Every structure is written in structure tokens, then in C-alpha cells.
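Shown next, in C-alpha cells, is the structure this report addresses.
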Amino acid sequence: MASLFPNDDGPLLPKFSTLLVKGTYHATAPLNLALTFPTRGIIILSSRGQEKNGDSLRASLQAQTMTGKISALAEHVQILYPPTAAHMALLLSALQVFNTEQPAVNPSTSTSVTETKPYSPHVLKPPGPALIIIHELSAYFNNSNSSSPSSAYLSLLIRAISLASRLGSSLAVFDAHIGRLRMPVYRDLNPHLERVQEVASLAGNYIELTVDFDVGKADSEESSEDFGSVESGLFRLMWNAQTEPASSNPRIE
-6 MASLFPNDDG PLLPKFSTLL VKGTYHATAP LNLALTFPTR GIIILSSRGQ EKNGDSLRAS
54 LQAQTMTGKI SALAEHVQIL YPPTAAHMAL LLSALQVFNT EQPAVNPSTS TSVTETKPYS
114 PHVLKPPGPA LIIIHELSAY FNNSNSSSPS SAYLSLLIRA ISLASRLGSS LAVFDAHIGR
174 LRMPVYRDLN PHLERVQEVA SLAGNYIELT VDFDVGKADS EESSEDFGSV ESGLFRLMWN
234 AQTEPASSNP RIE
């Protein structure tokens, strides 16, 4: 089973289709999940490709590939760095699985021809990724000029969920700073009934499992009858009863 910790040093995660990891998680947690995921074929889309001192996921992955076992697992992990939210949106919309070496039928002659198309980050070879990891979406909006960065964040999240559904993949979103994002919510289309709500709480409506590493900061919005939770001492695991989780009784092992 998958884990957010190296060398089986921490609890294992239950099966999931969508996962949100928030709070002060360890910097290598996305890679740990990728390297322990039971099915191979992982793609990581990260906003942080220009970290100082080479402190990026790709640099961390290269540092971990010193042993044969890790090196073999790392071959199945692909990391892309969309530089802006617009690039991320394009990638989430255009990413597809396509066999570039499969013979294609020429419609004018009805004959099969083999076409080798140039590499494109929008094209993945079959069978496609078993897991898509989105890393630090909120980093796009730290100094955003957008008038509504929070709604733009949710739009990217929904695109990611749609992509995972289209490719038949699981989705994991890692975001340590999602708790900083707020957005107004209106009731009955009445602007006078506006209230501010955390984006993390709204995102939880689309997510099956949530792992919160800020265990002591329980969110009352996520303590309603629609959510269940259990704590491991290292993090709190919450599941959304409305999303029909893969396990009817999620637990930390």
C-alpha cells in the first residue's frame, strides 16, 4: 500500500481515487507516495520547478536514485513543471495517452502508415499514469494579479479531477498553503449574505480522502456529518461520505 513516508517509517494510506494532502507535510512526501504507489506509472505536475539551490522534486528524486531498487521505481515517475497557472490549465486540458508508434490509417488511401510524432509533454505513452500528483497549486497565486485567485484554484482542481477521471487515474493533490486561500460564498444569490470560506473546505467537497498534517488545527467545516476522521498522531485522515470512498471504512494502517 502507498505511504507518505520513506522506508515504511509511517502509516500506510487506504486506497483512494482522490486525495488532498495539506499542512506541514515533509518535502519528500509526494515522492514517497509516487515510489510506494502499488501501480506503476506516475506523473507529477509541480508549480515549483525553479526552487533555489536545486531544491525541487526532480532534484530530490535524483538524490534518492542511488540504490537499484529506487532507481527502478524512479523510471516510472515523470515530473513536469508548468510555469504558470495558465500553462497548468492547458496541460490538464490537453494531456492524453497516445501510442506515437502505432500505425495510423491514411484516410486518402485507406492504408496503414507508421508515424512517429515528435515528443510533446501533452502526450503520454500507453498505458497511461496510474497516479497523477499535483504539487503546490497555491504557489501560482501567492502574488497573483488575478481578481479571484481562489476561484481560479478551484477551477484547476476540477480540471485535475476531470483529467484523472478521463485517464482512469488516481489523483493526489499536495498543498501546504491551501489554508491561506479564502473566497466569498453567497447564499440565495444575495450579495448581502456573503460569507468568507476556506478554499480547503470547499475543495474537500470534491475530494475523497484528506490528510491534514496540522493535526491540532481541526476545521469545524470538516467535522460535519458529511465527513469522518481518524488520527494517527502524525496526521489526521478525513473522508468525505458523499464521494463513496473506495473503502467503506477508511483507516490508517
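Numbering of the sequence shown is given in the working numbering, commencing with residue -6 and proceeding in unit increments. For each residue, glycine too, the CB sits at the ideal point set by N, CA and C. Nothing here was measured: the structure is a model prediction, and the numbers come from that model.
A straight-line Cα-Cα distance of about 21 Å links T29 and P119. Here A196 is not near T17, since their CB atoms are 8 Å or more apart. Membership of M231 in the beta strand (DSSP E) is indicated by the continuous run R229 to N233. In the DSSP annotation of this structure, the continuous segment of the alpha helix (DSSP H) that includes I154 starts and ends at P142 to L160. L84 sits close to L38, with the two beta carbons spaced by under 8 Å.
Spatial neighbours of R41 in its own chain (CB-CB distance under 8 Å, excluding positions within 5 residues in sequence) are listed in chain order as S49, L50, Y74, H128, E129 and A132. Excluding sequence positions up to five before and after H69, its CB lies within less than 7 Å of the CB of R33, G34 and I35, all in the same chain and listed in chain order. Across the structure, A(-5) and P31 are spaced so that their CA atoms are roughly 6 Å apart. One Cα belongs to I171, the other to A193, and the distance between them is close to 6 Å. Taking 8 Å as the cut-off, the Cβ atoms of A157 and L147 do not count as close.
Looking at the DSSP output, A165 shares a beta bridge with L12 and I126. Under the three-state reduction of DSSP, S40 is assigned to coil, being neither helix nor strand.
Here S141 is exposed. Its C-beta has fewer than 16 other C-beta atoms within 10 Å. Per DSSP, T29 lies in no beta strand (DSSP E) segment; the continuous alpha helix (DSSP H) that holds it begins and ends at A22 to T29. M(-6) carries a coil assignment under DSSP once its states are collapsed to helix, strand and coil. According to the DSSP secondary-structure assignment, T203 is paired through a beta bridge with L13 and M231.
Linking L202 to L6 through their CA atoms gives a straight-line distance of about 10 Å. Within the same chain, V90, G121 and P122 come within 7 Å of L160 by CB-CB distance, once the 5 residues on both sides are set aside. A22 sits close to L(-3), with the two beta carbons spaced by under 8 Å.
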